[in-house]
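Numbering (full-length UniProt numbering), first residue to last: 1 to 240.
In this text, a Cβ means the ideal position worked out from N, Cα and C, and glycines have one as well.
The model shown is predicted, which means the values in this text are computed figures rather than measured ones.
Working notes, structure below.
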Amino acid sequence: MEEEEAEPTIGNESLIDLVFSWSIKDVLNKDLYKDKVEQIPTTFPSTSSYMKSFIFPLIEETHADLCSSMASVSVARTCEILSVESSKDYQPPKDLFYNFEVDKNNGGTYEPETGDLIALTDVRPKCIDDLRRPPNFYLIALIQRVKAEKDCLKLRILASMPIVLEHDMQKNALFAVFLVNMTTYSRIWKALNSDPDSRNVNIIEKLLRPDSSNADLWLYLYRLSLFFSSGQAFTSWDDD
Numbered sequence: 001m002e003e004e005e006a007e008p009t010i011g012n013e014s015l016i017d018l019v020f021s022w023s024i025k026d027v028l029n030k031d032l033y034k035d036k037v038e039q040i041p042t043t044f045p046s047t048s049s050y051m052k053s054f055i056f057p058l059i060e061e062t063h064a065d066l067c068s069s070m071a072s073v074s075v076a077r078t079c080e081i082l083s084v085e086s087s088k089d090y091q092p093p094k095d096l097f098y099n100f101e102v103d104k105n106n107g108g109t110y111e112p113e114t115g116d117l118i119a120l121t122d123v124r125p126k127c128i129d130d131l132r133r134p135p136n137f138y139l140i141a142l143i144q145r146v147k148a149e150k151d152c153l154k155l156r157i158l159a160s161m162p163i164v165l166e167h168d169m170q171k172n173a174l175f176a177v178f179l180v181n182m183t184t185y186s187r188i189w190k191a192l193n194s195d196p197d198s199r200n201v202n203i204i205e206k207l208l209r210p211d212s213s214n215a216d217l218w219l220y221l222y223r224l225s226l227f228f229s230s231g232q233a234f235t236s237w238d239d240d
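Take a look at the structure:
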């Protein structure tokens, strides 16, 4: 497995920060963004309005995916964490970076990957209530990097809350429960929050001009839909 790194923070915006802010109650609330998501129009007065029109649909899709995973947490893939230590980049209150080790042959059902959003808990959850029943330990974290070594996987993770190492690792086991992979969602978020002077935005602006043919515009939107499903960069397209 090659060493990779996720990019949770995008410019001044962070989709991961938003996801970290959701409580379990928020995640399970299917109507959390009901009043925010509107139908995407077929015409746009500006490039900015075009990009912004996709923001809440993306958040809603991310939320719906996480809601589905959380509701079925009893059958989620899990693995046991062997060790936890603060990273050299650890700097609260936001930069809660940790280094984990996972045994490759621990018999778990889950092999972590870069971009995975996981629940950290001291029990293997049999139902959603196991994650919110005191005194059970629970928090959300993002796997930023996975490095394979001979007998273990070394993970760099960003946690939503501090991990009290002295208590959590000595008193109880610690498990990683897979929820969703955030890589594609983060790439789309990055595209929607592109620099106004970037090539990506310039392409959109060109196609949204009044003299652009509908055929060109819909070809672009089709390509955009492919981008959303594949997570590939805009720069992989030819600029005619």
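Residue pairing by DSSP places Ala159 opposite Ala141 in a beta bridge.
Boundaries of the beta strand (DSSP E) harbouring Cys79: Thr78 to Ser86, taken from the DSSP string.
Counting C-beta pairs closer than 8 Å gives fewer than three between the region 25-40 and the region 145-158, which falls short of the contact rule. Judged by their CB atoms, Ala159 and Leu96 are nearer to each other than the 7 Å cut-off. By the criterion of a C-beta distance shorter than 6 Å, Thr62 is surrounded in its chain by Tyr185, once the five residues flanking it on both sides are discounted. Fewer than three pairs of CB atoms, one per stretch, sit closer than 8 Å, so the region 130-145 makes no contact with the region 76-89. Distance from Thr78 to Tyr98 at the Cβ level is roughly 18 Å; contact not present, criterion being Cβ atoms closer than 8 Å. Around the beta carbon of Gln144, 16 or more other beta carbons lie within 10 angstroms, which makes this residue buried.
By the Cβ test, the region 46-60 is not in contact with the region 68-75, since fewer than three Cβ pairs between them sit closer than 8 Å. Residue pairing from DSSP places Ile118 in a beta bridge opposite Ala141 and Phe178. Arg156 is classed as buried because its beta carbon has at least 16 other beta carbons within 10 Å across all chains shown.
A Cβ-Cβ distance of about 20 Å is found for the pair Pro125 and Val164, leaving them out of contact under the 8 Å criterion. No Cβ-Cβ contact shorter than 7 Å links Leu142 with Leu179. Residues Val177 and Phe178 of the same chain have their beta carbon placed closer than 6 Å to that of Ala76, with the five preceding and five following residues left out of the count. Per DSSP, Glu61 is one residue of the alpha helix (DSSP H) stretching across Ile55 to Ala71. A distance of 7 Å or more separates the beta carbons of Asp129 and Val123. Among the bridge pairs identified by DSSP, Cys152 is matched with Asp103.
Counting along the chain, the unbroken alpha helix (DSSP H) around Asp17 starts and ends at Leu15 to Ser21. Relative to the Cα of Ile24, the nearest Cα in the group Pro162, Ala64 and Asn105 belongs to Ala64.
Inclusion of Asp26 and Leu18 in the CB contact set at 7 Å is not warranted, their separation being larger than that value. By the Cβ-count criterion, Ala173 is exposed, with fewer than 16 other Cβ atoms from all chains shown falling within 10 Å of its own Cβ.
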